[in-house]
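*Asks:*
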Amino acid sequence: MIYRIIKKLLAEIINAEEEDILPETELEINDRSDAINIARLVIECEKSFKITINDEDVHTFKCVKDLADYIIKLKSDD
Amino acid sequence: MGNKHIESDFEKEHLRYIIEIIKEQLSDLRLSNDEKKISVISSKKEMMEENSRRISSNLWSMENFHALVELNQYASPLSNNISEIEREANKILSLEKMLNSPYFARINFKFDDEDEFEKIYIGSNSLVDEKTHDMYIYDWRSPIASIFYRFGIGNAFYDAPAGRITGEVNLKRQYEISKGNLEYFFDADIQIMDEFLRKMLSQNASSKMKTIIETIQKEQDIIIRNTDMELIMVQGAAGSGKTSVALHRVAYLMYRGLSSRLYADNIVIISPNTLFEQYISNVLPELGEKNVNSLKIEDIIQMVTKYESFQTRNDFLENLLDNKKHDYVRKCSAEFKSCPEFVEILNRFANDLPKKLIEFKDVYYDGKILLSSHLMKSRVMRNKNAKLSLRLGQLEEYILASVHEQRKLRIKKLKYFVYSNKRYVFEEEETARMLSIYESTALIKRIRKFTRLNIFELYKKLFNEKYFYSIAKGMDLPACIDDILDFTNNNLKYEYLNYEDALAITFLYLKITEFNLFGNIKQVVIDEAQDYNALHYEIFSILFPAAHFTILGDINQTIGKREDLSLYEEIGRILGRPQNTLVTLNKSFRCTGEISRYSEKFLSGNTKIDSFGRSGDEPEIHAGDTTDSYDDKIAREILSSRGKHYQSIALICKTRRDAFSLYNRLKEKIDIRLISGDGKADISGTFIIPIYSSKGLEFDSVLICDADNEHYYTEEDKMLLYIASTRALHRLNIFYTGEISRFLSTKEEGCCR
Numbered sequence: 001m002i003y004r005i006i007k008k009l010l011a012e013i014i015n016a017e018e019e020d021i022l023p024e025t026e027l028e029i030n031d032r033s034d035a036i037n038i039a040r041l042v043i044e045c046e047k048s049f050k051i052t053i054n055d056e057d058v059h060t061f062k063c064v065k066d067l068a069d070y071i072i073k074l075k076s077d078d
Numbered sequence: 079m080g081n082k083h084i085e086s087d088f089e090k091e092h093l094r095y096i097i098e099i100i101k102e103q104l105s106d107l108r109l110s111n112d113e114k115k116i117s118v119i120s121s122k123k124e125m126m127e128e129n130s131r132r133i134s135s136n137l138w139s140m141e142n143f144h145a146l147v148e149l150n151q152y153a154s155p156l157s158n159n160i161s162e163i164e165r166e167a168n169k170i171l172s173l174e175k176m177l178n179s180p181y182f183a184r185i186n187f188k189f190d191d192e193d194e195f196e197k198i199y200i201g202s203n204s205l206v207d208e209k210t211h212d213m214y215i216y217d218w219r220s221p222i223a224s225i226f227y228r229f230g231i232g233n234a235f236y237d238a239p240a241g242r243i244t245g246e247v248n249l250k251r252q253y254e255i256s257k258g259n260l261e262y263f264f265d266a267d268i269q270i271m272d273e274f275l276r277k278m279l280s281q282n283a284s285s286k287m288k289t290i291i292e293t294i295q296k297e298q299d300i301i302i303r304n305t306d307m308e309l310i311m312v313q314g315a316a317g318s319g320k321t322s323v324a325l326h327r328v329a330y331l332m333y334r335g336l337s338s339r340l341y342a343d344n345i346v347i348i349s350p351n352t353l354f355e356q357y358i359s360n361v362l363p364e365l366g367e368k369n370v371n372s373l374k375i376e377d378i379i380q381m382v383t384k385y386e387s388f389q390t391r392n393d394f395l396e397n398l399l400d401n402k403k404h405d406y407v408r409k410c411s412a413e414f415k416s417c418p419e420f421v422e423i424l425n426r427f428a429n430d431l432p433k434k435l436i437e438f439k440d441v442y443y444d445g446k447i448l449l450s451s452h453l454m455k456s457r458v459m460r461n462k463n464a465k466l467s468l469r470l471g472q473l474e475e476y477i478l479a480s481v482h483e484q485r486k487l488r489i490k491k492l493k494y495f496v497y498s499n500k501r502y503v504f505e506e507e508e509t510a511r512m513l514s515i516y517e518s519t520a521l522i523k524r525i526r527k528f529t530r531l532n533i534f535e536l537y538k539k540l541f542n543e544k545y546f547y548s549i550a551k552g553m554d555l556p557a558c559i560d561d562i563l564d565f566t567n568n569n570l571k572y573e574y575l576n577y578e579d580a581l582a583i584t585f586l587y588l589k590i591t592e593f594n595l596f597g598n599i600k601q602v603v604i605d606e607a608q609d610y611n612a613l614h615y616e617i618f619s620i621l622f623p624a625a626h627f628t629i630l631g632d633i634n635q636t637i638g639k640r641e642d643l644s645l646y647e648e649i650g651r652i653l654g655r656p657q658n659t660l661v662t663l664n665k666s667f668r669c670t671g672e673i674s675r676y677s678e679k680f681l682s683g684n685t686k687i688d689s690f691g692r693s694g695d696e697p698e699i700h701a702g703d704t705t706d707s708y709d710d711k712i713a714r715e716i717l718s719s720r721g722k723h724y725q726s727i728a729l730i731c732k733t734r735r736d737a738f739s740l741y742n743r744l745k746e747k748i749d750i751r752l753i754s755g756d757g758k759a760d761i762s763g764t765f766i767i768p769i770y771s772s773k774g775l776e777f778d779s780v781l782i783c784d785a786d787n788e789h790y791y792t793e794e795d796k797m798l799l800y801i802a803s804t805r806a807l808h809r810l811n812i813f814y815t816g817e818i819s820r821f822l823s824t825k826e827e828g829c830c831r
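If you read the protein sequences in the order shown, they are chains C and U.
The numbering used here puts the first residue of the first sequence at 1, with every later residue one more than the last.
The numbering used here puts the first residue of the second sequence at 79, with every later residue one more than the last.
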């Protein structure tokens, strides 16, 4: 569920097909536009899941799965 | 004579009767087991069908979550059933074993308050009438069976859970039963028992250690059944059965009463190497128990530090023993890092970390100071009961909590900043968040420089000369300490850690960080205890806080260092178990009297080993004038050992390097293998092995090679000769070229060829 929503959000942000986004899809920051996209993804996730993502944790999201795991953990800690 | 016949008929009849009972129990059990299996298979099938029907591809939906919960309700009785099946299967296995040989001994015992003698049969497992609960056979570990091991004819007692039970023995009988047939039996007095033991000992060595339940000696039995002590230390001569005692003790602890019994995952054996692990791996299963975990010191280093790249103990010993690489500083360094003084230095160092070595830096957020380095330091220095890594983690959490409190405000400010910049007007929020992510990432990295410790980097700082002297203030340091510091600093430039540094770092990890993997361990068995030093025992003490220890060693079998009885005092001090005892096993059962007597001359002081007198060939020394004639003599001895049908013929060399060079010369001449790695190997047939790998093992015929004065010169080398020669069960031969080792004085022997 969580993973599916993230897929959808990211697909919209980067203008890609949902099927092309996999758990291993990297969340790399190469330039300013990547960084903005990540910030946007963080904001969208916060809205969708009603959570707060700590900015100092964002650098640990190397791929989509890391982000999903992080959110799953946040939700289960609630 | 007539009496003997009557007895013999009685015993044969009794055995038939018992075997009938076993067969009956077996067939009942098999039937019930089959029924259970069928029921499990059908419920498994049902569950699978349910499973695939109810849980569609999406595991995350609420509906499927409920399905999973329901499925779990199926699974729970199913897993109960499975464990019942396993229990029964084990029982079937043990009954099948009993069909072959249901018991090995009997005593006639009269309880003090009764008039008649009762026949107590003793076997590897008990056999009980399920309806009447009558005991047909008592498990060798049952309290009453201890009488068999501890008493002869006459008054006797045993300790039962309810207290001491006294009575009288009027018969002790031992049986040889094989394939369900009574081969022979004898009524035992001490002499005949010894004869029987001699017969058992004269058998060839096997590649796996065997059980000794038929021949456990009184003093061994006392150790096996001791449950009062938190720490039992056994100083046992080579071949005195230390390891057997340890394993039978483990089996005993797994058998004892329901509340106090231990399970396989409550016990761990610290073993010197893989070869040894493999050698002892059959004993517990043969005794009908699950095997327990064994750990090598390398496993512990890896588990605690997660390091992969460090010197193994075998490599360390190889380096130490290789005279060609003779390196005084290396040896001094290893010696120094194994002494209690170094442990004290490490303790001081761990305490000193927050005071002097962790570089706390002021933390700023949103342009204001959040926490000054002074405050952080004093926060961490408080609450010394918690591990340092925990205190630092709490500090990090504390800092982040105040960052989080101010974050909304900070992002607002960033938004205003982006807005006033007018550049990214369409993505104001994202840009502000991006900036916050950037600065938060930088912040956390700065904080973690002092909240997350790099223990390897810190350990390097310990060897800074000025710092080292300040921390070692008031301590007795070795004369060559400056060389040791240089040597260590040099080594620590590389990622590959020396064995002694890997140990020190492991100790620091345990001092500084939380490690609770072994909280469930209640019994630790340490074999070859003399090979471990103060630092090892400090590590064991932290790793197994709740455990009792059984520690077995021989101070005469150290490698590359020397020990005396004070080793055990030191162990007692470090492990701090108030209920402790030191037992000595001085009788050696392994070697023939000839080999035992011969090896005694390699012992220093007036250590006397009491040998269980079995006789065999006199050990011989063979000189080779040239390498060729030397090799030929070795080959000839191998052939002669093979002629005597010895199953394991070991050529023991001082180091791996020596073993390798001998192997390269011999492999063309004769069928031979080299055992030199840290891994598993087959220890039957003919093979070459370095001394340190042969520890704890035994072989039918031993050939000590390269026994020249260069290889065996120091007092420590003499100890190696003791270890090597006491590996032999039946036959020992020694070979050299050049000048013979000074410890093998040929003049006295008169047996040199």
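In this text, a Cβ means the ideal position worked out from N, Cα and C, and glycines have one as well.
All values derive from a computational prediction rather than experimental measurement.
Indicate the three-state DSSP secondary structure (helix, strand or coil) for H92/U in the structure shown.
*Replies:* Residue numbering aside, residue 92/U sits at position 14 when the second sequence is read from its first letter. It is helical.
*Asks:* Any residues in the segment 505-518 of chain U with a beta carbon nearer than 7 Å to a beta carbon of chain C? Which ones, in chain order?
*Replies:* If the cut-off is 7 Å between Cβ atoms, the segment 505-518 of chain U has E505, E507, E508, T509, R511, M512, S514, I515 and S518 near chain C.
*Asks:* Classify T383/U as helix, strand or coil using the three-state DSSP reduction.
*Replies:* Here residue 383/U refers to the residue found at position 305 of the second sequence. T383/U falls in the helix class under three-state DSSP.
*Asks:* Find the residues of chain U that neighbour V42/C, judging by a C-beta separation of less than 8 Å, and give them in chain order.
*Replies:* Mapped onto the first sequence, residue 42/C falls at position 42. In chain order: R511 and I515.
*Asks:* Thinking C-alpha only, which one of V247/U, R469/U, N282/U and L581/U is nearest I222/U?
*Replies:* By 1-based counting over the second sequence, the position of residue 222/U is 144. Nearest option by C-alpha distance: V247/U.
*Asks:* Name the one or two DSSP bridge partners that F187/U has.
*Replies:* Within the second sequence, numbered from 1, the residue matching residue 187/U stands at position 109. Answer is E196/U and V247/U.
*Asks:* Ignore the nearest five residues each way along the sequence and tell me which others in A234/U's own chain have a CB closer than 8 Å to its CB.
*Replies:* Position 156 of the second sequence, counted from the first residue, corresponds to residue 234/U. Cβ neighbours of A234/U beyond the five flanking positions: F187, I225, R228, T244, G245, E246 and V247.
*Asks:* Please list, in chain order, all residues of the same chain as Y216/U whose beta carbon is under 7 Å from its beta carbon, the five residues on each side excluded.
*Replies:* Reading the second sequence from its first residue, position 138 is the one you call residue 216/U. Once the five neighbours on either side are set aside, the close Cβ partners of Y216/U are I198, Y199, I200, S204, I222 and A223.
*Asks:* Given a cut-off of 8 Å on the beta-carbon distance, is the pair I837/U and E641/U in contact?
*Replies:* What the structure shows of chain U is the stretch from 79 to 831, and residue 837/U is not part of that stretch, so it cannot be assessed.
*Asks:* So D55/C and S518/U are in contact, right, with Cβ under 8 Å, and what is the actual spacing, rounded?
*Replies:* For the purposes of this step, residue 55/C is taken as residue 55 along the first sequence, with counting starting at 1. For the purposes of this step, residue 518/U is taken as residue 440 along the second sequence, with counting starting at 1. Rounded, the Cβ-Cβ distance is 4 Å, consistent with contact.
*Asks:* Looking at K589/U: is its Cβ nearer than 8 Å to the Cβ of A464/U?
*Replies:* To locate residue 589/U, count along the second sequence from 1; it is residue 511. To locate residue 464/U, count along the second sequence from 1; it is residue 386. Not in contact: K589/U and A464/U (Cβ atoms no closer than 8 Å).
*Asks:* Which stretch, first to last residue, makes up the alpha helix (DSSP H) that contains S33/C?
*Replies:* The sequence position of residue 33/C within the first sequence is 33, counting from 1. Note, S33/C: alpha helix (DSSP H), R32 to F49.
*Asks:* Within 10 angstroms of its Cβ, does I67/U collect 16 or more other Cβ (buried), or is it exposed?
*Replies:* A query on residue 67/U cannot be resolved here, the shown segment of chain U reaching from 79 to 831 and no further.
*Asks:* Can you tell me the Cα-Cα spacing of K64/C and N499/U, whole angstroms?
*Replies:* As a working mapping, residue 64/C is identified with position 64 in the first sequence. As a working mapping, residue 499/U is identified with position 421 in the second sequence. Note that residue 64/C corresponds to Val in the displayed sequence, not to Lys. Cα-Cα distance, rounded: 32 Å.
*Asks:* Please list the terminal residues of the continuous alpha helix (DSSP H) segment that includes E475/U.
*Replies:* Looking up residue 475/U in the second sequence gives position 397. From DSSP, the alpha helix (DSSP H) with E475/U extends over L466 to N499.
*Asks:* Have a look at the DSSP bridge pairing and note the partners of F813/U.
*Replies:* By 1-based counting over the second sequence, the position of residue 813/U is 735. Beta-bridge pairing links F813/U to H700/U.
*Asks:* Which two residues bound the contiguous beta strand (DSSP E) that contains C410/U?
*Replies:* Within the second sequence, numbered from 1, the residue matching residue 410/U stands at position 332. Looking at the DSSP string, C410/U is not in any beta strand (DSSP E); the run it does join, the alpha helix (DSSP H), is Y406 to F414.
*Asks:* So what's V421/U in DSSP terms, helix, strand or just coil?
*Replies:* Here the question's residue 421/U lines up with position 343 in the second sequence. In the structure shown, V421/U sits in a helix (DSSP, three-state: H, G or I).
*Asks:* Which parts of the segment 208-236 of chain U are runs of the beta strand (DSSP E), unbroken and 3 residues or longer, counting only runs that do not cross its ends?
*Replies:* List check, beta strand (DSSP E) in window: 213-217.
*Asks:* Output the boundary residues of the alpha helix (DSSP H) element that contains K527/U.
*Replies:* Counting from one through the second sequence, the residue named residue 527/U turns up at place 449. First-last of the alpha helix (DSSP H) with K527/U: E506 to T529.
*Asks:* Quick check: the segment 363-375 of chain U against the segment 323-334 of chain U, are at least 3 beta-carbon pairs closer than 8 Å?
*Replies:* Yes, the segment 323-334 of chain U is in contact with the segment 363-375 of chain U.
*Asks:* Looking at the secondary structure, which residues open and close the alpha helix (DSSP H) in which V328/U lies?
*Replies:* If you number the second sequence from 1, residue 328/U lands on position 250. From DSSP, the alpha helix (DSSP H) with V328/U extends over K320 to L331.
*Asks:* Which class does D564/U belong to by DSSP, given the choice of helix, strand or coil?
*Replies:* In the second sequence, residue 564/U corresponds to position 486, counting from 1. Three-state DSSP puts D564/U in a helix.
*Asks:* Say whether the segment 272-288 of chain U touches the segment 297-308 of chain U, bearing in mind that this needs 3 or more beta-carbon pairs closer than 8 Å, one atom from each stretch.
*Replies:* No, the segment 272-288 of chain U is not in contact with the segment 297-308 of chain U.
*Asks:* If you scan the segment 248-287 of chain U from start to end, which runs of the alpha helix (DSSP H) of 4 or more residues do you find wholly inside it?
*Replies:* Fully enclosed alpha helix (DSSP H) runs of 4 or longer: 268-279.
*Asks:* Run down chain C in chain order and give the residues with a C-beta less than 7 Å from the C-beta of L521/U.
*Replies:* Against the second sequence, residue 521/U aligns to sequence position 443. Ordered by position in chain C, the residues that pass the 7 Å Cβ test against L521/U are E56.
*Asks:* Quick check on E71/C: does DSSP put it in helix, strand or coil?
*Replies:* For the purposes of this step, residue 71/C is identified with residue 71 of the first sequence, where counting begins at 1. Here the sequence assigns Ile to residue 71/C, which means Glu is not the residue at that position. DSSP places I71/C in helix when its eight states are reduced to three.
*Asks:* With 16 other CB atoms within 10 Å as the buried threshold, where does S105/U fall?
*Replies:* Here residue 105/U corresponds to residue number 27 of the second sequence, with the count starting at 1. Per the 10 Å Cβ criterion, exposed.
*Asks:* Just to confirm before moving on: does the CB-CB distance between F738/U and S754/U stay below 8 Å?
*Replies:* Locating residue 738/U in the second sequence gives position 660, counting from the first residue. Locating residue 754/U in the second sequence gives position 676, counting from the first residue. Yes.
*Asks:* Helix, strand or coil: which one does DSSP assign to K665/U?
*Replies:* Counting from one through the second sequence, the residue named residue 665/U turns up at place 587. Strand.
*Asks:* So that I know if they touch, is there some Cβ in chain C lying closer than 8 Å to that of L478/U?
*Replies:* Reading the second sequence from its first residue, position 400 is the one you call residue 478/U. Yes, its Cβ sits closer than 8 Å to a Cβ of chain C.
*Asks:* Does the contact criterion of 3 or more C-beta pairs under 8 Å hold for the segment 498-514 of chain U versus the segment 546-554 of chain U?
*Replies:* No contact exists between the segment 498-514 of chain U and the segment 546-554 of chain U.
*Asks:* Flag this pair as touching only if the segment 377-392 of chain U and the segment 403-421 of chain U have three or more C-beta atom pairs under 8 Å; answer yes or no.
*Replies:* Touching, no.
*Asks:* Would you kindly work out how many angstroms separate the C-alpha atoms of L93/U and A316/U, rounded to a whole number?
*Replies:* Here residue 93/U corresponds to residue number 15 of the second sequence, with the count starting at 1. Here residue 316/U corresponds to residue number 238 of the second sequence, with the count starting at 1. Approximately 38 Å between the Cα atoms of the pair.
*Asks:* Tell me where the beta strand (DSSP E) around T628/U begins and ends.
*Replies:* As a working mapping, residue 628/U is identified with position 550 in the second sequence. Run containing T628/U: H626 to G631, per the beta strand (DSSP E) assignment.
*Asks:* Run through DSSP, which three-state label would E174/U get?
*Replies:* On the second sequence, residue 174/U is found 96 positions in, with the first residue counted as 1. E174/U falls in the helix class under three-state DSSP.
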